[in-house]
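Student: Quick one: the structure is below, and I'll ask about it shortly.
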Amino acid sequence: MNRQQLATILRAACQIVDTPEVLVLGSQSILGAFDEEDLPPEATASMEADIAFLDDPDRSKADLVEGAIGELSPFHDMNGVYAEGISTETAILPDGWRDRLHTWGLASSAPARPLFLEPHDLAVAKLARLEPKDRDFVDALIRADMLDVATLRERAAAIAEDKKPVRLDRIHGFLDLYDRGAGRPNPG
């Protein structure tokens, strides 16, 4: 997915629920921080954008978005990309993530005012899941020097206590493959 495709999703999501603030939670949130030309291919491979809303306690907005522009919808057929409506509760994020949200200046997403996760918060959420595609995503960003391993460790330590034990072990196990802050795998 590229930024223009994401902007198309964001515009549509905003119009469906009549809410300008649209939160991108999944891997395509990285497009809020970097142009697709600067990212490794693994970072933009997904054709799905995980869309959430900060004021959606019952998931009704997320459900409307998914029903209208989700997978196998006419929107998906026409644009080649789609939205998955999710709840902010779905992601395992470090404390303070809301304070680090940012937007972009891309006018083509108007009237949406998209919100994106800070890249290290996004990576921690991916590492908490640690599915192969999530591991590949984070690995590619570390190797491209777009993520700092020490910052990832700090953010992982800031995951809520009730979600921390197993996930922290998995996250640190993955990060142990890299020299601290060097973004390169350890040889042994």
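For the sequence shown, the residue numbers in this note's numbering are 194 to 381. Don't be surprised by glycine CBs; every beta carbon is placed ideally from N, CA and C. Given the structure is predicted, the values throughout are model-derived calculations rather than measurements.
For Asp369, tell me which candidate among Ser301, Leu345 and Arg196 has the shortest Cα-Cα distance.
Tutor: Here residue 369 is taken as the residue at index 176 of the sequence shown, counted from 1. It is Leu345 whose Cα lies nearest to the Cα of Asp369.
Student: Excluding the 5 residues flanking Leu323 on each side, which residues of the same chain have their C-beta closer than 7 angstroms to its C-beta?
Tutor: For the purposes of this step, residue 323 is taken as the residue at position 130 of the sequence shown. If we look at Leu323 and ignore the five residues flanking it on each side, its Cβ neighbours are Arg363 and Phe367.
Student: Is the beta carbon of Ile279 less than 8 angstroms from the beta carbon of Ile244?
Tutor: To locate residue 279, count along the sequence shown from 1; it is residue 86. To locate residue 244, count along the sequence shown from 1; it is residue 51. Yes, Cβ-Cβ distance for Ile279 and Ile244 is below 8 angstroms.
Student: With distances taken Cα to Cα, identify the nearest neighbour of Asn272 among Met240, Asp338 and Ala337.
Tutor: Position 79 of the sequence shown, counted from the start, is the residue given in the question as residue 272. The option with the nearest alpha carbon to Asn272 is Met240.
Student: Look at the Cβ atom of Thr283, then the Cβ atom of Lys254, and state whether they are nearer than 8 angstroms.
Tutor: Here residue 283 refers to the residue found at position 90 when the sequence shown is read from its first residue. Here residue 254 refers to the residue found at position 61 when the sequence shown is read from its first residue. Not in contact: Thr283 and Lys254 (Cβ atoms no closer than 8 angstroms).
Student: Between Arg348 and Gly219, what straight-line distance do the alpha-carbon atoms span, to the nearest angstrom?
Tutor: The count along the sequence shown starts at 1 and reaches residue 348 at position 155. The count along the sequence shown starts at 1 and reaches residue 219 at position 26. Near 17 angstroms, if we compare the C-alpha coordinates of Gly219 and Arg348.
Student: With DSSP as the reference, please indicate the residues paired to Pro287 in a beta bridge.
Tutor: As a first step, residue 287 must be located in the sequence shown, where it is residue number 94. Beta-bridge pairing links Pro287 to Ile352.
Student: Hey, out of Leu199, Ala300, Thr281 and Ser266, whose CA is closest to Asp251's CA?
Tutor: As a working mapping, residue 251 is identified with position 58 in the sequence shown. Ranking Leu199, Ala300, Thr281 and Ser266 by Cα distance to Asp251 puts Thr281 first.
Student: Tell me where the alpha helix (DSSP H) around Glu259 begins and ends.
Tutor: Counting from one through the sequence shown, the residue named residue 259 turns up at place 66. Element bounds for Glu259: Ser253 to Ile262.
Student: Among the candidates Ala337, Cys207, Tyr371 and Leu340, whose CA atom is the shortest distance from the CA of Ala276?
Tutor: Walking along the sequence shown from the start, residue 276 turns up at place 83. Here the closest residue by C-alpha is Cys207.
Student: Starting from the Cα of Glu229, find the closest Cα among Val210, Leu247 and Leu199 and give me that residue.
Tutor: Reading the sequence shown from its first residue, position 36 is the one you call residue 229. When each option's Cα is compared against that of Glu229, the closest is Leu199.
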